[in-house]
Amino acid sequence: MFEKFKRKSLRKQIQKNLLKRDLSQVNSTVKTVGFLVDEVSFTDFEKLYDFSKTLGVQRKDVKIFSFVPYQKKAPSLRQNQINNKDFTWGGVITNKSAKEFLANPFDILIGYYKGTHEFLDMMVSESTAKFKVGVTGGDERLFDLLIAVELTKTEAFKGELKKYLTVLNKLK
805 MFEKFKRKSL RKQIQKNLLK RDLSQVNSTV KTVGFLVDEV SFTDFEKLYD FSKTLGVQRK
865 DVKIFSFVPY QKKAPSLRQN QINNKDFTWG GVITNKSAKE FLANPFDILI GYYKGTHEFL
925 DMMVSESTAK FKVGVTGGDE RLFDLLIAVE LTKTEAFKGE LKKYLTVLNK LK
């Protein structure tokens, strides 16, 4: 019952965040990239860092934050990770590193997860990123661009992303 209440609160918070989004910098060029990833469906983060080379962004300017459904008992070396316990029943994120990640004004935030995902959608809506890219099936209100490619086909996604960013004049 509490899980349903939490998810409903997340949807309400997403709606509030959508209303206060700043779109004034949406046309800026790409210098920094952030990724939000669902670790259940994708774990090869090295492929995501390869995106930076394709976009002309240095590896140091690429940040990845992942979601795992439940915190593992064994300690993890990854600090950029969030789970469902890091969200209050009112839809507020309590994870300090997640708040820092979302406050970073990325030139592009890529939601690299399939479909709608209340927790990751909440993070996308709360992000101060200037331009947001997602995969088809995601919430259209959250993203400025949705790419119709399977998550497992990272090379195809990379090619499509570069093509659209070139057309939008976001690459140098």
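Add 804 to the 1-based position in the sequence shown for the numbering used here, that's all there is to it. All residues carry an ideal CB built from backbone N, CA and C; glycine is no exception. From a predicted model like this one, the values you see are computed outputs, not experimental measurements.
Under the three-state DSSP convention, the category residue i falls into
| i | result |
| --- | --- |
| Gly963 | helix |
| Val841 | strand |
| Val861 | coil |
| Lys809 | With the sequence shown as reference, residue 809 is identified as Phe, and Lys is not the correct amino acid for it. If DSSP states are grouped into helix, strand and coil, Phe809 belongs with the helices. |
| Phe855 | helix |
| Lys835 | coil |
| Gln885 | strand |
| Phe869 | strand |
| Phe891 | strand |
Cβ separation of residue i and residue j, assumed to be a contact under 8 Å, to the nearest whole Å
| i | j | result |
| --- | --- | --- |
| Phe923 | Phe869 | Not a contact, Cβ separation roughly 11 Å. |
| Ile912 | Val928 | Actually they do not touch by this definition, with Cβ atoms about 12 Å apart. |
| Val837 | Ile914 | 7 Å |
Proximity below 8 Å, CB of residue i to CB of residue j
| i | j | result |
| --- | --- | --- |
| Gly895 | Met926 | yes |
| Val830 | Lys957 | no |
| Thr858 | Lys976 | no |
| Val841 | Tyr917 | yes |
| Val971 | Phe961 | no |
| Asn887 | Phe871 | yes |
| Lys949 | Val939 | In the sequence under discussion, the amino acid at residue 949 is Leu, which differs from the Lys named in the question. Not a contact, by the Cβ cut-off of 8 Å. |
| Val844 | Pro873 | yes |
| Asn821 | Glu930 | yes |
Suppose only complete runs of 3+ residues qualify. What are the beta strand (DSSP E) ranges in the region 902-975, listed by chain order? Runs of the beta strand (DSSP E) inside the region 902-975: 912-916, 936-939, 949-951.
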